[in-house]
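The opening residue of the sequence shown carries number 82 in the working numbering; numbering runs sequentially from there. We put the CB at the ideal spot given by N, CA and C, even for glycine. Structure first, commentary second.
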Amino acid sequence: MPLTEDLRHLARTKIVATVGPSSQDHEMLSSMVQAGADVFRLNMAHGGPDVQQQNVDTIRRVSEELDTPIGILVDLAGPKFRLGEIDNDRIFCETDAEFWFVEGSSGAPNEFTCSYAPLVRELSVGDQVMLADGTVSMVVIGKEKGRAQMRVVQRGVIRSRQGINLPGVKLSAPAISVVDHQHAIWAAEAGVDFVSLSFVRAPDEVRALRDILRSNNSEAYVISKIEKREAIDRIEEVVAASDAVMVARGDLGVEIDVAEMPVQQKRIINTCHRYQKPVIIATQMLDSMHESLRPKRAEVTDVANAVLDGADACMLSGETAIGQYPVETVAMMNRICLATEASIADQPPRQNDGSVSPVLHDITRAVVRGAGAMAHSLRAKLVVVASYSGKTALALSQQRHSTPTIGVSQNETTLRRMCLYWGVTPLREAPAEDMQELIRHADTWACRVGFAAKGDRIVILGGSHLAAGPGGNPKGVHDVVVVHEVEGGS
82 MPLTEDLRHL ARTKIVATVG PSSQDHEMLS SMVQAGADVF RLNMAHGGPD VQQQNVDTIR
142 RVSEELDTPI GILVDLAGPK FRLGEIDNDR IFCETDAEFW FVEGSSGAPN EFTCSYAPLV
202 RELSVGDQVM LADGTVSMVV IGKEKGRAQM RVVQRGVIRS RQGINLPGVK LSAPAISVVD
262 HQHAIWAAEA GVDFVSLSFV RAPDEVRALR DILRSNNSEA YVISKIEKRE AIDRIEEVVA
322 ASDAVMVARG DLGVEIDVAE MPVQQKRIIN TCHRYQKPVI IATQMLDSMH ESLRPKRAEV
382 TDVANAVLDG ADACMLSGET AIGQYPVETV AMMNRICLAT EASIADQPPR QNDGSVSPVL
442 HDITRAVVRG AGAMAHSLRA KLVVVASYSG KTALALSQQR HSTPTIGVSQ NETTLRRMCL
502 YWGVTPLREA PAEDMQELIR HADTWACRVG FAAKGDRIVI LGGSHLAAGP GGNPKGVHDV
562 VVVHEVEGGS
């Protein structure tokens, strides 16, 4: 049975789950989809094209077996800087102790190397250096040829190959490395649905990735990961240039003051709302479920607040990639989202016409806005949106109306994109280009799965292609919305 026939048990907030050693086999992926996963993330930092192509193939097989569109997101690693090898693999850095970054190889226990060769040249006195996900902090106090001297401000243990963050430091490292470029080409050829760019600093970097994808015949959405101060400072431009946005709180919480994180998260979400771009909240949402079947109360509240703030999706990282309970973690996130959504189900549709980012014709925007309002005021049991490109479905999603919504399209790529659209469930094999056929199909389907009974109302929305039917496009018709009273599936 397709998952679309059991919508009441699936959250409207979408769930992105990362694939890894704990979750990459066929049975596990299938179980995660049935538990509520909508999109699978492939982290290129932890596996190259050879490994990830196997995951793509498995996910596509699961999609066919479950008769359910599933989105695939390829996450490019970006310019992540890491420490070199440390004597005995670890060292304790005491407050006020002094250490050095050196070019080449280290010759003493207090000398570190970095995977980014120009680091010493590009550091300046006064720059902050954060190590081990921000648990250890140092400041640059001096420079010599080939060496940068640092003093420990916040003590702690660091280990070989841990990450380095440099808040506010202007670096020459390209946003898209040679390896990232190669991985983007592979992602295009593999036909994935979303490609995310790490450590975005400027809108030109987003456009550069899109150019790579388009030049390799891919229409994949470009997702900007917000994890640098530079992106925060140019958030309007970055969101405008992106197809979607991810709030990557791991590195962002190190690059900026961690106390700012909640406010910045809300600011990014609000900006995405105004531009009608999907936004994903990521990092440590249910982190304790790596090893526990029950999350911490603060984690549950974190997921719920993301839903209340208006996130389109929440993401699981290590919880499903290497955690002990991938399926249970997805199911728990689904439960939290469902419970939270129930508390706001009676709210009217959000009034946002997307005018700051006019992707849609103004007539289409007005029709979409009217369709959501009609569904709410008429207490419709179902909304069906027919959308060839997915733009109409996305605009409807951004209203956050409470009526269950089915997205239909003749384009499988569009159906998979809908896996990231809040509240829109993609349905295969519906007659998406003929209004009368779609009405009959929606009537029969809604009654069969128990969504509607005779006399209930269904709102059906689509573009000019839907009004035309087999006879072609009637002159002057842009969009159409129909209110259908269910006839009982006859």
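Does P255 pass the burial test, meaning 16 or more other C-beta atoms within 10 Å, or should it be called exposed? exposed
Tell me where the alpha helix (DSSP H) around I172 begins and ends. Unbroken run through I172 is the beta strand (DSSP E), R171 to C174; no alpha helix (DSSP H).
I'd like to confirm the pairing. Which residues does DSSP put opposite K224 in its beta bridges? A229
Apart from the five residues just before and just after A452, which ones in its own chain have a Cβ nearer than 6 Å to its Cβ? Counting only Cβ-Cβ distances below 6 Å, and skipping sequence neighbours, we find V540, L542 and V562.
Classification of S571 by the beta-carbon crowding that lies within 10 angstroms, buried from 16 upward: With a pLDDT of only 49 at S571, under the threshold of 50, the placement of this residue in the model should not be trusted; the figure read from the coordinates follows. S571 comes out exposed.
When the Cα atoms are used, what is the spatial distance from L200 to R509? About 51 Å.
Have a look at V155 and M455 and give me their C-alpha separation to the nearest angstrom. 37 Å
Among F173, R310 and A321, nearest to G334 - alpha-carbon criterion: Of F173, R310 and A321, the residue nearest in Cα terms is R310.
Which word fits H264, buried or exposed, when buried means at least 16 other C-beta atoms lie within 10 angstroms of its C-beta? buried
Are the stretch 272-281 and the stretch 299-308 in contact at 8 Å, needing three or more beta carbon pairs? yes
Contact defined as beta carbons within less than 8 Å: I believe E192 pairs with V183. What is the distance between those atoms, to the nearest angstrom? 5 Å
Return yes when the Cβ of V320 is within less than 8 Å of the Cβ of V328, no when it is not. no
How should A133 be labelled, buried or exposed, when 16 other C-beta atoms within 10 angstroms of its C-beta is the threshold for buried? Note that residue 133 is Gln in the sequence shown here, rather than Ala. So Q133 ends up on the buried side.
Return the bridge partner residues of L542 from the DSSP annotation. V466 and V562
Express the C-alpha separation of D332 and I239 in angstroms, rounding to a whole number. About 16 Å.
Option in D314, T216 and S369 with minimal Cα separation from V381: S369
Can you tell which of I444, Q357, A322 and A363 has the C-alpha that lies nearest to the C-alpha of M342? A363
Measure the Cβ-Cβ separation of T484 and H457 and say whether it is below 8 Å. A contact, by the Cβ cut-off of 8 Å.
Residues in its own chain within less than 6 Å of Q480 by CB, not counting five upstream and five downstream? P430, R431 and G453
Could you round the C-beta distance between V233 and D177 to whole angstroms and report it? I think they count as a contact, below 8 Å. 6 Å
Going by CA-CA distance only, name the one from A92, T99, R89 and K95 that's closest to A397. Here residue 397 turns out to be Leu, not Ala, going by the sequence shown. Nearest C-alpha to L397: T99.
Less than 8 Å between C-beta atoms, sequence neighbours within five positions excluded: which residues of the same chain meet that for C500? K95, D119, V120, P150, I151, G152, D274 and P507
For a quick check, are the C-beta atoms of T486 and V449 less than 8 Å apart? no
R461 versus D537: straight-line alpha-carbon distance, rounded: The displayed chain sequence assigns Ala, not Arg, to residue 461. About 7 Å.
Buried/exposed call for F180, threshold 16 Cβ in 10 Å: buried
For L333, which of helix, strand or coil comes out of DSSP? helix
Where do the N-terminal and C-terminal ends of the beta strand (DSSP E) with L397 fall, by residue? A394 to L397
Tell me whether the stretch 102-122 and the stretch 519-534 touch, counting them as touching only if at least three CB pairs, one residue from each stretch, are closer than 8 Å. no
When you compare only the Cα positions, how much space is there between I172 and T352? Using only the alpha carbons, I get a separation of about 42 Å.
Which same chain residues, not among the five before or five after N297, have their C-beta less than 7 Å away from its C-beta? I266, A269 and E270
Please return the same chain residues whose Cβ sits closer than 6 Å to the Cβ of M82, not counting the five positions on each side in sequence. Residue confidence is low: M82 scores 48 on pLDDT, short of 50, so the model does not pin down where it sits. Its coordinate-derived value is still stated next. No residues qualify anywhere along the chain.
Can you grab the Cα-Cα spacing for the pair E175 / M414, in whole Å? 39 Å
Can you tell me whether R122 is buried or exposed? The criterion is at least 16 other CB atoms within 10 Å of its CB, across all chains shown. buried
What are the complete beta strand (DSSP E) segments, minimum 3 residues, inside the stretch 311-369? 325-329 and 360-363
With 16 other CB atoms within 10 Å as the buried threshold, where does S111 fall? The residue is buried, with at least 16 neighbouring Cβ atoms inside 10 Å.
By how many angstroms is the C-alpha of A289 removed from the C-alpha of V260? 15 Å
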